[in-house]
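Participant: Got a structure here, written out as structure tokens. Questions coming.
Numbering (our numbering), first residue to last: -3 to 188.
Have a look at this one:
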């Protein structure tokens, strides 16, 4: 049996994964229900999978120097404590991350291998370039998009699905958190 792989991403309504404006983290729209739900998701056994760019950004942010650990949202510290695989042909170990290993092969090959070997589900939060290649290869079992109630037409960065393969999506779950944030979970299949 192969492990399921979830591409987990935050987005604005207009499809941006980041911004250069004054929105703040989570586009300033996180609420207690969202934070509790995320903590429950990351309390489950799973393996995180990161591309090198996302790993480096997270390692810097979660080093304790940028933000004290006690100030981090609970789900973020839970995510950091999960076993992780970083897909990179350039990074060298050891990594400054608890229970992290490097997969030096191509991302598609690495995730194909992880899906066969892992006895827990796989999840990737962020890592747009990696996940776009995994979507094109048909290796993503779930796309979990958390849509924050903002449009960042002037300040948006990182179009989440820009350049991705054409996909058909089957809605598996949806929920509203804090009355205005949507979590949508889809099963993707390559179109055509």
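Ideal Cβ positions, reconstructed from N, Cα and C, are used throughout, including at glycine.
Just so it is clear, the structure is predicted and the values come from calculations on it, not from any experiment.
1) Looking at the secondary structure, which residues open and close the beta strand (DSSP E) in which residue 42 lies?
2) Just to confirm my understanding: we take residue 114, look at its own chain, exclude 5 residues before and 5 after, and list those with CB closer than 6 Å. What are they?
3) In the DSSP assignment, find the beta strand (DSSP E) that holds residue 185 and state where it starts and stops.
4) Quick one: using the 10 Å Cβ neighbour count with 16 as the cut-off for buried, is residue 63 buried or exposed?
5) For residue 147 and residue 6, I'd like the C-alpha separation in whole angstroms.
6) Mind checking which residues open and close the beta strand (DSSP E) that includes residue 14?
7) When burial is assigned at 16 or more other CB atoms within 10 Å of the CB, is residue 96 buried or exposed?
8) Give the single residue among 100, 81, 59 whose Cα lies nearest to the Cα of residue 72.
9) Tell me where the beta strand (DSSP E) around residue 163 begins and ends.
10) Of the residues 48, 93, 130, 91, which one's Cα is nearest the Cα of residue 109?
11) Please state the DSSP three-state secondary structure of residue 153.
12) Going along the chain, which residues of its own chain have a beta-carbon closer than 6 Å to the beta-carbon of residue 79, five neighbours each way excluded?
13) What does the alpha-carbon distance come out to for the pair residue 53 and residue 93?
14) Thinking just about the alpha-carbon of each residue, which of 34, 90, 137, 112 is nearest to the one in residue 165?
15) Secondary structure at residue 4, three-state DSSP: helix, strand or coil?
16) Sort out for me which residues DSSP pairs residue 59 with in a bridge.
17) With three or more C-beta pairs closer than 8 Å as the rule, is the stretch 15 to 28 touching the stretch 36 to 50?
18) Residues bridged to residue 80 by DSSP?
19) Across which residues does DSSP place residue 144 in a beta bridge pair?
Facilitator: For this structure:
1) Segment: none, residue 42 is in no beta strand (DSSP E) and carries neither H nor E.
2) -1, 43
3) 177 to 186
4) Classification of residue 63: exposed, given that the 10 Å Cβ count is below 16.
5) 13 Å
6) 12 to 15
7) buried
8) Nearest of 100, 81, 59 to residue 72, Cα basis: 59.
9) 163 to 173
10) 130
11) Strand.
12) For residue 79, where only same-chain residues beyond five positions count, the Cβ hits under 6 Å are 43, 95.
13) 12 Å
14) 137
15) strand
16) In DSSP, residue 59 forms no bridge with anything.
17) no
18) DSSP lists 44, 96 as partners of residue 80.
19) 8
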